[in-house]
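Under this note's numbering, the first residue of the sequence shown carries the number 263, and numbering increases by one thereafter.
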Amino acid sequence: MITCVVDYVIDPAKLPDFERFAAAWMRLVQREGGIHHGYFLPSEGASDEARALFSFESFAAYERYRTLFGVDPEFIEADKIREESGCVVRYRRSFMRPLLPDDDL
263 MITCVVDYVI DPAKLPDFER FAAAWMRLVQ REGGIHHGYF LPSEGASDEA RALFSFESFA
323 AYERYRTLFG VDPEFIEADK IREESGCVVR YRRSFMRPLL PDDDL
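In structure tokens:
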């Protein structure tokens, strides 16, 4: 399993737009066979940081998902939320391998 961790710098004044963006991508990741672990949004105090975590069975499965960017109409619509609202200032993507409580070491 591979987990994609996306760290966002967001415009806090556009949090409702970011939440619409997040809801669309959670649905699309699941549609394509991934497991979305959710978006983690600012809660207490002023913050411009958010994070998303989602997993695919392999990096190859993640790459198949990525081929839909700019091609699949629903992917294009979801990305338009970010582009048109300006809710995301920038983001950084990294990949991790989860170690879960039931994993044998």
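Ideal Cβ placement from N, Cα and C applies to all residues, glycine included.
Where the beta strand (DSSP E) through residue 356 begins and ends: 350–358
Three or more C-beta pairs under 8 Å: does that hold for the region 270–285 against the region 309–323? yes
Please name the residue in 358, 321, 277 whose C-alpha comes closest to that of residue 305. 277
Examine the Cβ distances between the region 295–304 and the region 338–352 and report whether three or more of them are shorter than 8 Å. Contact fails: fewer than three Cβ-Cβ distances are below 8 Å.
Range of the contiguous alpha helix (DSSP H) that encloses residue 290: 277–293
In three-state terms, what does DSSP make of residue 341? helix
Whose C-beta lies closer than 7 Å to the C-beta of residue 358 among residues of the same chain, with five residues either side of it excluded? 265, 267
Neighbourhood of residue 303 by C-beta, 6 Å cutoff - its chain only, sequence neighbours within 5 removed: 312
Return the residue from the list 293, 285, 274 that minimises the CA-CA distance to residue 323. 293
Under the three-state reduction of DSSP, which class applies to residue 346: helix, strand or coil? Three-state result, residue 346: helix.
Would you mind working out which of 353, 316, 274 sits nearest residue 289, comparing C-alpha positions? 316
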